[in-house]
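As given, the protein sequences belong to chains A and B, one line each in that order. Letter by letter, the first sequence follows residues 13 to 199 of our numbering. Letter by letter, the second sequence follows residues 372 to 663 of our numbering. Cβ coordinates follow ideal geometry from the N, Cα and C atoms, glycine included. First up is the structure itself, then whatever we jot down about it.
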Amino acid sequence: MGFLDSLLGKTKLPEAKTDKLFAISTAAITLEASLGYRPDGAAGVCIKPMESSHYETVRREIEELLGMSMKETGTEYRLQKDEYNYLWVVLSDPDLDDLVNAIQMVAQILTEQGFGIQILAAVFRFRGEAVIYWIYNFKQGAYYPFVPQSGRQRDTAREFRLKALLQKEMPLEKDESRWYPMWGMPL
Amino acid sequence: MKRWKSDRGLEARMLLTMFLLAAVYLAFLAVLLSMGVSRIIVVLFMGGFMFLQYFFSDKMILSSMGAKPVSESEEPRIHDMVRRLCQNANLPMPKIAVVKTAMPNAFATGRNQKHAVVAVTTGLLSRLNDSEVEAVLAHELTHIKNRDMMVMTIATFLSSLAQMLVQWLPFMGGGNRDRDSGSNVALLLVVSLVVWIVSFVLIRTLSRYREFAADRGAAIITGQPSHLISALTKISGSRVPTEDLRRVEGPVSALFITPALSGSSLSKLFSTHPTLKARIDALQRIEMELEA
Numbered sequence: 013m014g015f016l017d018s019l020l021g022k023t024k025l026p027e028a029k030t031d032k033l034f035a036i037s038t039a040a041i042t043l044e045a046s047l048g049y050r051p052d053g054a055a056g057v058c059i060k061p062m063e064s065s066h067y068e069t070v071r072r073e074i075e076e077l078l079g080m081s082m083k084e085t086g087t088e089y090r091l092q093k094d095e096y097n098y099l100w101v102v103l104s105d106p107d108l109d110d111l112v113n114a115i116q117m118v119a120q121i122l123t124e125q126g127f128g129i130q131i132l133a134a135v136f137r138f139r140g141e142a143v144i145y146w147i148y149n150f151k152q153g154a155y156y157p158f159v160p161q162s163g164r165q166r167d168t169a170r171e172f173r174l175k176a177l178l179q180k181e182m183p184l185e186k187d188e189s190r191w192y193p194m195w196g197m198p199l
Numbered sequence: 372m373k374r375w376k377s378d379r380g381l382e383a384r385m386l387l388t389m390f391l392l393a394a395v396y397l398a399f400l401a402v403l404l405s406m407g408v409s410r411i412i413v414v415l416f417m418g419g420f421m422f423l424q425y426f427f428s429d430k431m432i433l434s435s436m437g438a439k440p441v442s443e444s445e446e447p448r449i450h451d452m453v454r455r456l457c458q459n460a461n462l463p464m465p466k467i468a469v470v471k472t473a474m475p476n477a478f479a480t481g482r483n484q485k486h487a488v489v490a491v492t493t494g495l496l497s498r499l500n501d502s503e504v505e506a507v508l509a510h511e512l513t514h515i516k517n518r519d520m521m522v523m524t525i526a527t528f529l530s531s532l533a534q535m536l537v538q539w540l541p542f543m544g545g546g547n548r549d550r551d552s553g554s555n556v557a558l559l560l561v562v563s564l565v566v567w568i569v570s571f572v573l574i575r576t577l578s579r580y581r582e583f584a585a586d587r588g589a590a591i592i593t594g595q596p597s598h599l600i601s602a603l604t605k606i607s608g609s610r611v612p613t614e615d616l617r618r619v620e621g622p623v624s625a626l627f628i629t630p631a632l633s634g635s636s637l638s639k640l641f642s643t644h645p646t647l648k649a650r651i652d653a654l655q656r657i658e659m660e661l662e663a
């Protein structure tokens, strides 16, 4: 958002950037080879619902398409509202690529129908010596690690280690102040 | 495809107000310089004043409001809500502060997006539900995103100089026997008075437009205009006057969710905020836009 937009009080939100989403697939190989983290068969995409009948139509369309792809790829899905009223499409499939494709599909439909700014983040769960999450920020088109611990603490040391390992492999959020934690994820 | 169109009318009115304000200020500067006021003094005054206001008014307002910064562990829910809104609006996370007062209100301050603070009162948190609090937070975040602190600081600075001149000129030049300089002082007094009054009205007008823009921004960030409508209705319905809020004046009061100053005694023209009805009407138009 440029200076003129600010001056005129235009609130422009960035559209969802989906192009870097697929980077997780190659990063997963390095992640397993170097640190032993494997995809945990769970992912999700977090959407801010909009008060509009058009949005409801699109949401139903997404549900239908997910239902169809479930028959094809075996990706299971459920829709769930979290405690802050954000909508989560929670997906489970042992194949990471199927998860990425499903999330890409959801993001693409929302963007095409003009709801791109409502997509907040995608989350992929990995498991190794700890449970770690890779969060894809659609606004920035970049990934960052999130390792939650009990009591709203995060394992920052581990997160930085993941960053160091993967910064050449995938588009990472360079500004660590934007490594927003997502507490209370339904996955 | 985009769901949100710009509010061209609002932008045009805002631009016109800023243009008029700039014209008034330039004319004022021209008069000052033509009267032989040293350029250096004008520049120093302007620079110094803007520097002080830009860098210290946020601390001043926080302390005058008794806003206490809260950590994530003290107010996890507000932090979570603000964080997600920031993520959606592509803003860095501001600091969160809480003011202990029964009067439901919220404000944003800070000289730029990296040094922003969002404060809410305990009255607001107890009266509104989560969605309504979120809507209010989004309104404040829009003030930050639209750089309203900077815009209003720039908008006010020469007005403050005019105000000071009006207050001080009657005590100056009285002992001066030179007739020319005496009439100069009188002229400067009149010019300052006119500049002060006109710029005051324009600043307040601009402030109301920024409020409409912040309401609109809140609707865009949350995607849910109806929650802001119900929040505004609840806040306005409970007018609990508190004396300490009256001390808050100037550009900062423009960043509240509802006026910190009591609006009843001031006419619409002088109010920092639009009327509740005008704001709700605007938000309902946004709701209709979403269905179009």
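Amino acids of chain B, ordered along the chain, whose beta-carbon sits closer than 9 Å to that of residue i
{"i": "residue 98(A)", "result": "455"}
{"i": "residue 32(A)", "result": "Per Cβ cutoff of 9 Å: no residues; residue 32(A) is ~16 Å from chain B at best."}
{"i": "residue 151(A)", "result": "458, 459, 460, 461"}
Endpoints, alpha helix (DSSP H) assigned at residue i
{"i": "residue 642(B)", "result": "Premise fails: residue 642(B) is in no alpha helix (DSSP H) and is neither H nor E."}
{"i": "residue 414(B)", "result": "410-436"}
{"i": "residue 380(B)", "result": "379-405"}
{"i": "residue 167(A)", "result": "Segment: none, residue 167(A) is in no alpha helix (DSSP H) and carries neither H nor E."}
{"i": "residue 373(B)", "result": "Premise fails: residue 373(B) is in no alpha helix (DSSP H) and is neither H nor E."}
Assigned secondary structure, residue i (DSSP; H/G/I helix, E/B strand, else coil)
{"i": "residue 459(B)", "result": "helix"}
{"i": "residue 107(A)", "result": "coil"}
{"i": "residue 20(A)", "result": "coil"}
{"i": "residue 480(B)", "result": "strand"}
{"i": "residue 127(A)", "result": "coil"}
{"i": "residue 620(B)", "result": "Any reading at residue 620(B) must be qualified, since the residue scores a pLDDT of 48, below 50, and its modelled position is unreliable; the value itself is stated next. Residue 620(B): coil per DSSP, three-state reduction."}
{"i": "residue 627(B)", "result": "strand"}
{"i": "residue 179(A)", "result": "coil"}
{"i": "residue 439(B)", "result": "strand"}
{"i": "residue 184(A)", "result": "strand"}
{"i": "residue 28(A)", "result": "coil"}
Bounding residues of the beta strand (DSSP E) (the contiguous stretch that carries residue i)
{"i": "residue 90(A)", "result": "88-93"}
{"i": "residue 136(A)", "result": "131-139"}
{"i": "residue 594(B)", "result": "No beta strand (DSSP E) holds residue 594(B); DSSP gives it neither H nor E."}
{"i": "residue 57(A)", "result": "50-59"}
{"i": "residue 528(B)", "result": "Unbroken run through residue 528(B) is the alpha helix (DSSP H), 519-539; no beta strand (DSSP E)."}
{"i": "residue 154(A)", "result": "154-158"}
Neighbour list for residue i in chain B, Cβ cutoff strictly below 8 Å
{"i": "residue 127(A)", "result": "374"}
{"i": "residue 192(A)", "result": "454, 455, 457, 458, 464"}
{"i": "residue 65(A)", "result": "662"}
{"i": "residue 164(A)", "result": "443, 444, 447"}
{"i": "residue 180(A)", "result": "Within chain B, no residue comes near residue 180(A); the closest Cβ sits about 25 Å away, beyond 8 Å."}
Per-residue burial, residue i [other beta carbons within 10 Å of its own, 16 or more giving buried]
{"i": "residue 389(B)", "result": "buried"}
{"i": "residue 539(B)", "result": "exposed"}
{"i": "residue 525(B)", "result": "buried"}
{"i": "residue 41(A)", "result": "exposed"}
{"i": "residue 236(A)", "result": "Nothing can be reported for residue 236(A), as the shown portion of chain A is limited to 13 through 199."}
{"i": "residue 84(A)", "result": "exposed"}
{"i": "residue 422(B)", "result": "exposed"}
{"i": "residue 106(A)", "result": "exposed"}
{"i": "residue 516(B)", "result": "buried"}
{"i": "residue 427(B)", "result": "exposed"}
{"i": "residue 452(B)", "result": "buried"}
{"i": "residue 615(B)", "result": "Because the pLDDT of residue 615(B) is 45, which lies under 50, any placement of that residue in the model is unreliable, and the number read from its coordinates should be weighed accordingly. So residue 615(B) ends up on the exposed side."}
{"i": "residue 151(A)", "result": "buried"}
{"i": "residue 161(A)", "result": "exposed"}
{"i": "residue 648(B)", "result": "exposed"}
{"i": "residue 554(B)", "result": "exposed"}
{"i": "residue 612(B)", "result": "Confidence in residue 612(B) is poor, its pLDDT being 46 and thus under 50, which makes the residue's placement unreliable; the coordinate value appears in the next sentence. Exposed: under 16 other Cβ atoms inside 10 Å."}
{"i": "residue 653(B)", "result": "buried"}
Residues sharing a beta bridge with residue i, DSSP
{"i": "residue 143(A)", "result": "139(A)"}
{"i": "residue 467(B)", "result": "489(B)"}
{"i": "residue 113(A)", "result": "In DSSP, residue 113(A) forms no bridge with anything."}
{"i": "residue 102(A)", "result": "56(A), 90(A)"}
{"i": "residue 97(A)", "result": "In the DSSP output, where bridge partners are listed per residue, residue 97(A) has none listed."}
{"i": "residue 475(B)", "result": "In the DSSP output, where bridge partners are listed per residue, residue 475(B) has none listed."}
{"i": "residue 149(A)", "result": "133(A), 154(A)"}
{"i": "residue 3(A)", "result": "Given a span of 13 to 199 for chain A in the structure shown, any question on residue 3(A) remains unanswerable."}
Where residue i meets chain A, residues with beta-carbon distance less than 9 Å
{"i": "residue 451(B)", "result": "95, 96, 193, 194, 195, 196"}
{"i": "residue 656(B)", "result": "Going along chain A, no residue has its Cβ under 9 Å from residue 656(B), so there is no contact; the nearest lies around 14 Å."}
{"i": "residue 518(B)", "result": "15, 18, 19"}
{"i": "residue 382(B)", "result": "20, 21, 22"}
Chain-ordered chain A contacts of residue i [CB-CB under 8 Å]
{"i": "residue 522(B)", "result": "18, 19"}
{"i": "residue 597(B)", "result": "63"}
{"i": "residue 536(B)", "result": "Residues of chain A passing the Cβ test: none, with the nearest at roughly 28 Å."}
Contacts that residue i makes with chain A (C-beta to C-beta distance below 7 Å)
{"i": "residue 588(B)", "result": "23"}
Chain-ordered chain B contacts of residue i [CB-CB under 7 Å]
{"i": "residue 26(A)", "result": "461"}
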